[in-house]
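Right, one structure below, let's go through it.
2 protein chains.
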Amino acid sequence: MTKIKDRRSIRKYQSTPIPEDLLNRLLEEAMRTPTMGNMQLYSVVATTDPKIKAELAPAHFNQPMVTAAPVVLTFCADFNRVSKWCEQRDAEPGYDNFLSFINAMSDALLFTQNFCTLAEEEGLGTCYLGTTVYMPKDIIRILRLPKLVFPVATITVGYPDEWPEQNDRLPLNGILHHDVYTDYSPYDIDSIYEYKESLDENKRFVAENNKQTLAQVFTDVRYTKRDNVFMSETMMEALRMQGFIL
Amino acid sequence: MTKIKDRRSIRKYQSTPIPEDLLNRLLEEAMRTPTMGNMQLYSVVATTDPKIKAELAPAHFNQPMVTAAPVVLTFCADFNRVSKWCEQRDAEPGYDNFLSFINAMSDALLFTQNFCTLAEEEGLGTCYLGTTVYMPKDIIRILRLPKLVFPVATITVGYPDEWPEQNDRLPLNGILHHDVYTDYSPYDIDSIYEYKESLDENKRFVAENNKQTLAQVFTDVRYTKRDNVFMSETMMEALRMQGFIL
Numbered sequence: 001m002t003k004i005k006d007r008r009s010i011r012k013y014q015s016t017p018i019p020e021d022l023l024n025r026l027l028e029e030a031m032r033t034p035t036m037g038n039m040q041l042y043s044v045v046a047t048t049d050p051k052i053k054a055e056l057a058p059a060h061f062n063q064p065m066v067t068a069a070p071v072v073l074t075f076c077a078d079f080n081r082v083s084k085w086c087e088q089r090d091a092e093p094g095y096d097n098f099l100s101f102i103n104a105m106s107d108a109l110l111f112t113q114n115f116c117t118l119a120e121e122e123g124l125g126t127c128y129l130g131t132t133v134y135m136p137k138d139i140i141r142i143l144r145l146p147k148l149v150f151p152v153a154t155i156t157v158g159y160p161d162e163w164p165e166q167n168d169r170l171p172l173n174g175i176l177h178h179d180v181y182t183d184y185s186p187y188d189i190d191s192i193y194e195y196k197e198s199l200d201e202n203k204r205f206v207a208e209n210n211k212q213t214l215a216q217v218f219t220d221v222r223y224t225k226r227d228n229v230f231m232s233e234t235m236m237e238a239l240r241m242q243g244f245i246l
Numbered sequence: 001m002t003k004i005k006d007r008r009s010i011r012k013y014q015s016t017p018i019p020e021d022l023l024n025r026l027l028e029e030a031m032r033t034p035t036m037g038n039m040q041l042y043s044v045v046a047t048t049d050p051k052i053k054a055e056l057a058p059a060h061f062n063q064p065m066v067t068a069a070p071v072v073l074t075f076c077a078d079f080n081r082v083s084k085w086c087e088q089r090d091a092e093p094g095y096d097n098f099l100s101f102i103n104a105m106s107d108a109l110l111f112t113q114n115f116c117t118l119a120e121e122e123g124l125g126t127c128y129l130g131t132t133v134y135m136p137k138d139i140i141r142i143l144r145l146p147k148l149v150f151p152v153a154t155i156t157v158g159y160p161d162e163w164p165e166q167n168d169r170l171p172l173n174g175i176l177h178h179d180v181y182t183d184y185s186p187y188d189i190d191s192i193y194e195y196k197e198s199l200d201e202n203k204r205f206v207a208e209n210n211k212q213t214l215a216q217v218f219t220d221v222r223y224t225k226r227d228n229v230f231m232s233e234t235m236m237e238a239l240r241m242q243g244f245i246l
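Chains as they are written, first to last, in our numbering: chain A, 1 to 246; chain B, 1 to 246.
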C-alpha cells in the first residue's frame, strides 16, 4: 500500500504476527534484486523467538523495536555458502578478502532495500537499525554466524501501530551533481542546510542538547569522533574474525 | 511499469534521452530512503556528456552500456558535504574513519536500489555495474571526487531495447535462516545448487570455459583469488586516498 515516496520508518507495531507465507513471498520477490555474477552473496536470519530477540536487543542499544517487533531480520553479507559450494565442486574459493566483503555487503544491502519496499507495499512497517555495524561481534555470536558471514543491516518488521510525520530531506541540488562532482562552496552549504536548520523540531533539539548549532548535536552528541574511531576498530576486528581481512 | 518480481537487468537501450525532470523526480522520490540520523550520506553524479562517459568506460572494463546508455549514475558514499557543514557551524566532524565509510556506503546503496525500483516502475531499464569498486581510483579521478567521497555503485539507465529472460535464483531455503544461522551441510549445498547446475546455459558455460564444474568457472575465470586480493589492496588504497582510513 505504501509507496517509496510516502514511506516513513515505523517503530511501533501491532502485536499481530506476520504470516510466514507472506514473509516468504516478500523475501522470494526481493531475491529478484541483481547481485554480483548472480551469486546472491547474502543470507537473512529471521528471528521471531522472544528469547533470541531479547539477546539481540543490547547489541542494538536496547532500541525497543527489537523485542517489540514480531520479526527481526538480520541481513548478512555471505560468502560462506558460495565458498562451501566451491569446495564441494573441486574449485578453490578466493573470497576471504576485503573486496569480497564489499561485494557481498553490496548484494545484501540492495536485497534489504527491495525487501523493505515490497513489505511496505504490502502494508507492513519497517525500521532500519543502523546499530548493526556498531557491535557486530555480539550479533555474530548471538546469531551464530560462521566465517565469511557478516551482519550488515537489521530491519524490524510488523504491522504499523503509528503513522508519524515524514521527516525533512535536503533539496535535490544538495545531492545531485552533473557530469562530474562539483564541490560545495560555503554558500552552497548554507543554502542546502537552511531548511533543515529552520525547523522548530531541530531548533528544539539544539536547545535540549545545550548546543549552539544543529551540526554540533551530530558531532558532539549523536555521532562523535571518539565513538566512530572506537567502532571502526571493532568493525575491523570483526571483519578479521569473520575471515574477510588478514 | 515493471515490478521488482518481474525485473531484469537491461543492457541495451533506445537512444531516447531521459527527460531531466523525470530523472529529477525519481531521484527526489528515492531520497525518501531512510538514512543514518537522516544525514543522507550520499551523492549521485549523473553523467550524460559523451566525453566523460567515454573516460569512465575503461574503469568499467569497457562494458558497452557505459557509453551507450543515455545516463550513467555514479552513487557515492559522501561524508564531504556533512563535514563541510559541520566546519561551517563550529562543529568538529569526526567522519574520517572506516565506520563512517561503512555508514555512508549503506546509505548510498539503499538509495541506489530505491532509485532503480522507481526507474523500473516508470518503464526505464537499469543495469548495476559491479565494476565500480574494482577500479575506484580511476572513477574518483574522472569524476573529481573530493576527500570523504567514494563511488560505491554505478547504474546505467535508459529506455529498454531488449527484454531478456529472467535468470535463475537459488531456492528461498538457500538464503533464509530461522532465529539463528544454521550452517550448510554438504547435502544442503547439493540441494541449493542443484537447479542452477542443471540449466543448459550453465552447462554450456562450463564447457566453453573448459572446466569440470560451474563453481570452477567462478573461482578460476570470473572471480579469481588473485584478482580479489589485488583489488582488495587497491580498494584499501583508495579508501586511504579519500581519507576514510589511515
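We put the CB at the ideal spot given by N, CA and C, even for glycine.
Nothing here was measured: the structure is a model prediction, and the numbers come from that model.
With respect to chain B, the C-beta atom of A:Ala46 has a partner C-beta closer than 9 Å. Sequence-distant partners of A:Val133 (beyond 5 residues in either direction) whose C-beta falls short of 8 Å from its own C-beta, in its chain, are Pro151, Val152, Met231, Met235.
The way I'd put it, the stretch 158-170 of chain B does touch the stretch 10-17 of chain B; three or more beta-carbon pairs between them come closer than 8 Å. With a cut-off of 8 Å on Cβ pairs, the stretch 44-55 of chain A is in contact with the stretch 69-82 of chain A, counting three or more such pairs.
Between B:Tyr181 and A:Val149, the C-beta spacing is below 9 Å. For the pair B:Leu172 and A:Glu28, the CB atoms are nearer than the 9 Å cut-off. The stretch 201-208 of chain B makes no contact with the stretch 79-97 of chain A, as fewer than three CB pairs between them are under 8 Å.
Look at the stretch 173-220 of chain B and you find these whole runs of beta strand (DSSP E), each 3 residues long or longer: 176-178. In its chain, beyond the 5 residues on either side, Ile52, Glu55, Leu56, Ala59 have a beta carbon closer than 8 Å to the beta carbon of B:Ile142. Against chain B, the beta carbon of A:Asn24 has neighbours under 9 Å at Leu172, Leu176, listed in chain order.
By the rule that beta-carbons nearer than 9 Å mark a contact, B:Trp163 does not touch chain A. A:Pro58 carries a helical assignment under DSSP once its states are collapsed to helix, strand and coil. With respect to B:Leu199, B:Asp168 sits close: the two C-beta atoms are nearer than 9 Å.
Counting only residues of its own chain and dropping the five nearest sequence neighbours on each side, A:Val66 has a CB closer than 7 Å to the CB of Lys53, Leu56, Ala57, His60, Val72, Thr156.
Ranked by Cα distance from A:Leu23, the first of A:Leu109, A:Leu99, A:Leu118 is A:Leu118.
DSSP places A:Val157 inside the beta strand (DSSP E), whose first and last residues are 149-158. At least one CB of chain B lies nearer than 9 Å to the CB of A:Gly94. Here the C-alpha atom of B:Phe101 lies approximately 8 Å from the C-alpha atom of B:Tyr95. Annotation for A:Val133: no alpha helix (DSSP H) segment contains it, and DSSP assigns it neither H nor E. Looking at the DSSP output, B:Gly94 shares a beta bridge with no other residue. The beta-carbon distance between B:Pro93 and A:Thr219, rounded to whole angstroms, is 6 Å. This is short enough to meet the 8 Å contact definition. Residue-level contact check: B:Arg169 touches chain A, since one or more beta carbons of chain A fall below 9 Å from its beta carbon. Residues of the stretch 2-13 of chain A with a C-beta atom less than 7 Å from some C-beta of chain B are Ile4, Lys5, Arg7, Ser9, listed in chain order.
A:Pro70 and B:Lys196 have their C-alpha atoms some 33 Å from each other. For A:Gly37, the secondary structure class from DSSP, reduced to helix, strand or coil, is helix. Setting aside the 5 residues that flank it on each side, A:Ile245 is surrounded in the same chain by Asn97, Phe98, Phe101, Met236, Leu239, each with a C-beta closer than 8 Å to its C-beta; the list follows chain order. When the beta-carbon positions are compared, B:Gly243 and B:Lys137 stay at least 9 Å from each other.
Within chain B, not a single residue places a beta-carbon under 9 Å from that of A:Leu129; the smallest gap is close to 10 Å. For A:Leu73, the secondary structure class from DSSP, reduced to helix, strand or coil, is strand. DSSP places B:Ser43 within a strand segment (E or B) once states are collapsed to three.
Contacts with chain A (Cβ-Cβ distance below 9 Å) from the stretch 218-238 of chain B involve Phe218, Thr219, Asp220, Arg222, Tyr223, Thr224, Lys225, Arg226, Asp227, Asn228, Val229, Phe230, Met231, Ser232, Glu233, Thr234, Met235, Met236, listed in chain order. Neighbourhood of B:Glu28 in chain A, by CB distance below 7 Å: Leu172, in chain order.
Judged by DSSP secondary structure, A:Asp168 falls outside any alpha helix (DSSP H); it is assigned neither H nor E. Taken atom to atom, the span from the alpha-carbon of B:Leu110 to that of A:Ala91 is near 33 Å. The straight-line gap separating the alpha-carbon atoms of A:Thr2 and A:Arg25 is approximately 17 Å. Identification of residues in the stretch 46-69 of chain B having a C-beta nearer than 8 Å to some C-beta of chain A yields Ala46, Thr47, Thr48, Asp49, Ile52, given in sequence order.
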